[in-house]
Amino acid sequence: MLSSLIRQSRLTVRQTTTTFESLRRTAAAGIAIQTQVLRNFATAGEALEYDVCVVGGGPGGYVAAIKAAQLGLKAICVEGRGTLGGTCLNVGCIPSKALLNSSHKYEDATKHFADYGIQVDNVAIDVPKMMAQKEQAVGGLTKGIEGLFKKNKVKYVKGWGKVTGANEVTVATSEGGEEKVVAKNVVLATGSEVTPLPGVQIDEERIVSSTGAIALKEVPKKMVVIGGGIIGLELGSVWSRLGAEVEVIEFLPNIVPAMDHEVRRNFERVMKKQGIKIRLKSKVTSAVADADGVKLTVEPAEGGEQEHMEADVVLVAIGRRPFTEGLGLEDLGIEMDRGRVLVNDKFQTNVPSIHAIGDVIPGPMLAHKAEEDGIACVEHIAGKVGHVNYDTIPSIVYTHPEVAWVGKTEMELKSEGVKYKTGKFSMMANSRARTVDETDGIVKFLADKETDKILGVHIMGSNAGELIAECVLAMEYGASSEDIARTCHGHPTLSEAVKEAAMATYDKPIHS
């Protein structure tokens with residue numbers, strides 16, 4: 001009996017061992033087959049495997065790709081433009097700032113140098129050379145990003161990407177081929193495009209977007225700018241300084257609607273003083289270009305009697321819209337709202353492996369906001385905690401003087417029923433502003449009436465875009481106006497105006 005049980009036990013063990021070995025061999029064979037299939041797929045369809053595939057190489061996209069690599073993730077970036085940096089670097093923020101700088105120097109030489117005892121004769125504009133300097137600045141920065149990709153081991157594919165699966169991006173490469181990128185996470189960072197205006201066809205020669213406005217071959221005699229926002233006023237300023245007659249036509253009752261009303265009033269006064277005409281509550285219903293220029297039809301915003309105008313160049317600057325065309329989002333059922341991709345607080349869409357950042361999601365269309373989105377997004381992907389405080393995203397208008405702000409405006413605080421106090425300081429009373437003859441400006445603080453916590457800061461003046469950084473930092477850490485007022489600022493500096501405005505908010509300024 002015992003020997004029979006032992007024999008049966010040995011038989012069972014042998015059968016179990018045989019079965020296990022058979023399963024092992026089958027599994028091994030399956031893995032080998034699967035591996036071979038993947039290898040064949042990679043050869044035929046260029047399938048690649050990454051932790052993160054970023055579609056779009058603008059400020060949000062390239063920063064996200066680099067940060068992902070720094071966090072130890074295998075990253076790839078797909079960009080169809082042919083150069084990295086997106087709209088901002090190639091045809092937006094950077095080239096426009098180069099032209100703003102050049103035009104400001106020209107205006108100084110022709111209108112202001114004599115006031116400082118500097119005699120300059122025969123000052124002339126060389127537009128091609130001005131454009132070449134702009135392109136040199138752009139080219140150096142785009143090549144710099146490619147260098148950062150190599151340094152951080154980010155794979156760069158030139159081509160237009162389409163999301164063809166929850167973990168797949170199909171790229172139509174610039175060489176005419178096709179690559180399939182397989183990634184655990186996809187980040188949409190395709191940015192935005194110019195919003196078209198019905199009845200106005202952009203040709204980038206006579207009727208231009210911001211792209212054409214930074215590439216004009218000569219100074220127009222008259223330029224009409226459709227839209228009184230940041231882009232229109234900056235580029236209008238460029239050509240106005242160089243000698244063009246510039247008229248801005250704005251549909252709304254105010255230029256730059258997001259700007260604090262008191263600062264806007266001062267800003268509009270300065271723009272008009274510089275020779276820029278501003279027409280509010282008006283709309284352009286048609287613009288037709290011919291060899292001689294552009295003929296426009298303008299009427300009141302609410303409708304009424306039409307007026308006909310002529311211009312050499314018309315700049316359409318009514319805003320931008322998310323660029324999602326050809327991404328395949330509808331096929332995947334990605335949820336959107338008025339063209340914007342909807343995401344949660346981790347930048348995930350309703351398809352969890354697909355994320356979105358920057359101009360394609362709700363929020364201000366700003367390069368620095370997109371960068372913050374990109375960093376926070378990949379931090380979440382890497383298992384860390386990423387966060388963007390949208391209450392402390394600064395806005396800047398790079399005219400002269402500049403205007404910059406962060407946080408709430410007075411109108412917003414009133415509509416929200418928040419009790420607040422204000423503090424103001426004029427640049428006229430700032431010693432450094434006096435020495436450099438940059439006295440057009442004001443610093444305005446808004447703080448909680450009870451706690452003194454800073455709720456918003458608004459600056460108009462020379463280098464306002466640099467001065468606002470201190471205020472952004474203060475708000476990020478929940479500082480009070482007294483915190484800034486009691487912080488020593490160098491003398492003589494423009495930043496002392498920030499300190500004085502803070503002093504005016506919690507107590508009294510010294511120099512006002």
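According to full-length UniProt numbering, the sequence shown is numbered sequentially starting from 1. Glycine is no exception: its CB is placed at the ideal position from the N, C-alpha and C atoms.
Less than 8 Å between the C-beta atoms of residue i and residue j, yes or no?
i	j	result
Ile231	Ser210	yes
Val341	Ile318	no
residue 515	Val498	Residue 515 lies beyond the residue range present for the chain, which begins at 1 and ends at 512; the question has no answer from this structure.
Asn167	Val52	no
Ala109	Val127	no
Glu310	Lys295	yes
Leu188	Val55	yes
His104	Arg241	yes
Tyr50	Ala183	yes
Trp405	Met503	no
Val378	Ala68	yes
Ala429	Ser462	no
Thr297	Ser282	no
Pro95	Ile214	yes
Asn266	Ile125	no
Val138	Asn90	yes
Figure out for me which residue from the options has the closest Cα to the Cα of residue i.
i	options	result
Leu235	Val314, Lys180, Val186	Val314
Ile76	Lys150, Met428, Glu135	Lys150
Pro300	Ile249, Lys273, Phe323	Ile249
Arg321	Glu310, Asp359, Ala382, Glu500	Asp359
Gly456	His489, Val418, Glu218, Arg486	Val418
Ser480	Ile454, Lys281, Leu141, Gly86	Ile454
Gly243	Gly144, Asp448, Ala474, Glu107	Glu107
Gly144	Phe425, Ser174, Gly57, Asp440	Gly57
Ala485	Tyr116, Pro509, Gly465	Pro509
Glu305	Val288, Val284, Gly293, Lys155	Val284
Val436	Tyr116, Ala64, Gly92, Leu71	Tyr116
Val397	Gln70, Leu73, Lys97, Ala64	Lys97
Val224	Lys217, Leu233, Glu218	Leu233
Thr451	Asp312, Val208, Tyr506	Tyr506
Val388	Phe347, Ser395, Leu413	Phe347
By the three-class DSSP mapping on this structure, what secondary structure does residue i have?
i	result
Pro492	coil
Tyr390	helix
Lys162	strand
Tyr506	helix
Ala501	helix
Ala429	helix
Pro300	strand
Met460	strand
Phe347	coil
Lys97	helix
Thr435	helix
Thr170	strand
Phe445	strand
Arg81	coil
His355	strand
Ala370	helix
Ile33	In this predicted model, Ile33 has a pLDDT of only 30, less than 50, meaning its place in the structure is not dependable; the value taken from the coordinates is given anyway. Helix, per DSSP.
Ala244	coil
For residue i, report the span of its beta strand (DSSP E) as first-last.
i	result
Gly177	Segment: none, Gly177 is in no beta strand (DSSP E) and carries neither H nor E.
Leu197	Counting along the chain, Leu197 falls outside any beta strand (DSSP E), and DSSP gives it neither H nor E.
Val113	This sequence places Phe at residue 113; Val is not what is there. Where Phe113 is concerned, there is no enclosing beta strand (DSSP E), given that its DSSP letter is neither H nor E.
Leu413	Leu413 -> not in any beta strand (DSSP E); alpha helix (DSSP H) instead, spanning 410-415.
Lys217	Per DSSP, Lys217 belongs to no beta strand (DSSP E) and is neither H nor E.
Arg321	320-322
His261	Here His261 belongs to no beta strand (DSSP E); instead the alpha helix (DSSP H) covers 261-273.
Val403	402-407
Using only the alpha-carbon positions, how far apart do residue i and residue j sit?
i	j	result
His400	Gly80	35 Å
His380	Asp391	20 Å
Glu146	Leu84	7 Å
Val181	Gly60	20 Å
Ser495	His489	7 Å
Met411	Gly423	16 Å
Val37	Lys158	With a pLDDT of only 30 at Val37, under 50, the local geometry of the prediction cannot be trusted, and the value read off the model is given with reservation. Near 26 Å, if we compare the C-alpha coordinates of Lys158 and Val37.
Thr164	Lys384	28 Å
Lys134	Leu252	32 Å
Val246	Met131	20 Å
Tyr477	Ile202	45 Å
Glu302	Lys222	26 Å
Leu327	Gly161	7 Å
Gly228	Cys93	17 Å
Please check if any C-beta of chain B sits within less than 8 Å of the C-beta of residue i.
i	result
Ala213	The structure shown has no chain B; it contains just one protein chain.
In the DSSP assignment, find the unbroken alpha helix (DSSP H) run with residue i in it and report its ends.
i	result
Thr142	127-152
Lys283	From DSSP, Lys283 is part of no alpha helix (DSSP H) but of the beta strand (DSSP E) over 282-290.
Ser481	481-485
Val91	86-91
Ser512	From DSSP, Ser512 is part of no alpha helix (DSSP H); its letter is neither H nor E.
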